[in-house]
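*Asks:*
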Amino acid sequence: MSLPLNALFSDSYVDISQYRDQHFKGNRHEQEKLLKQSNTLYVGNLSFYTTEEQVYELFSKSGDVKKIVMGLDKVKKTACGFCFVEYYTRADSENAMRFINGTRLDDRIIRTDWDAGFKEGRQYGRGKSGGQVRDEYRQDYDPARGGYGKTIQK
């Protein structure tokens, strides 16, 4: 009698997370299908001072990078702490999820997650002041992400 040991065949670093983009145009099933086929990663918790070159240098260690799109403050058009990294193959993007997620870049621990595919306009922060929503409400001082959160600065 053998028990199914699904956990042994699971690759938790590559599995899609529970996070879903609430602005996705389509239903949840379509989004999950795209996430499972995607070669694009969302990279978060970047310093506002991290450059595209630094991102390329790190992410190219797991495969051939097709495109990097840096996240921008929609008002100031300056970096706001995230980017999208697109690979040519799913295998290369899976390697990035396995080996780069949780590593340090520019003295910050970065987070990677699957993205359903970059679309023009998504490079801009969705916060009220133009940056990321999480930086609107942050109460701690983070010099690599613009100091205090926007609500405290007012």
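In this text, residue positions in the sequence shown follow the working numbering: the first is 278, and each later residue adds one. Backbone N, C-alpha and C define an ideal beta-carbon position, used for all residues, glycine too.
#1: Within the segment 296-370, note down every full alpha helix (DSSP H) run reaching 4 residues or more, in order along the chain.
#2: Would you kindly check if the distance between the Cβ of T389 and the Cβ of N372 is under 8 Å?
#3: Roughly how many whole angstroms lie between the Cα atoms of K344 and E363?
#4: Within the same chain, show all residues whose beta-carbon is closer than 8 Å to that of D392, passing over the 5 residues directly before and after it, in chain order.
#5: Can you tell me whether T380 is buried or exposed? The criterion is at least 16 other CB atoms within 10 Å of its CB, across all chains shown.
#6: Apart from the five residues just before and just after F325, which ones in its own chain have a Cβ nearer than 8 Å to its Cβ?
*Replies:* Well, looking at it:
#1: 305-314, 329-336
#2: Remark: C-beta atoms of N372 and T389 do not approach each other more closely than 8 Å.
#3: 5 Å
#4: D298, L312, S315, T317, L318, Y319, F361
#5: exposed
#6: T355, A356, C357, G358, A421, R422, G423
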